[in-house]
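S.K.: Sharing a structure here in structure tokens format.
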Amino acid sequence: MTQFEEFALHEFQSIEDAPFRPEQYSRLKFGCDEAAREMGHQIAARSSKNTHPQY
């Protein structure tokens with residue numbers, strides 16, 4: 375069985391502390407291509423930074 379490392383783009387305790395716009399996340403959940411593209415780029419950039427810190 376493959377083990378996966380946990381990854382989170384944002385960590386927060388309540389929606390008031392969220393480091394992103396909740397309405398943008400809601401748009402993502404309901405299928406907005408623009409919101410998905412923006413979040414996808416953010417996730418890719420952070421993931422790349424975590425796995426390849428020299429970049």
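Its first residue numbered 375, the sequence shown is counted upward by one per residue in my numbering.
Using N, Cα and C, we set each Cβ at its ideal position, and we do this for glycine too.
In chain order, what residues of the same chain have a beta carbon less than 7 Å from the beta carbon of I389, not counting five sequence neighbours either side?
M.R.: Taken in chain order, the residues that qualify are P396.
S.K.: Could you spell out the range, first to last residue, of the alpha helix (DSSP H) harbouring S400?
M.R.: Note, S400: alpha helix (DSSP H), 396-403.
S.K.: Take A392 and list the residues in its own chain whose beta-carbon comes closer than 7 Å to its own, dropping the five residues that flank it on each side.
M.R.: Excluding positions up to five away in sequence, the list reads H384, F386.
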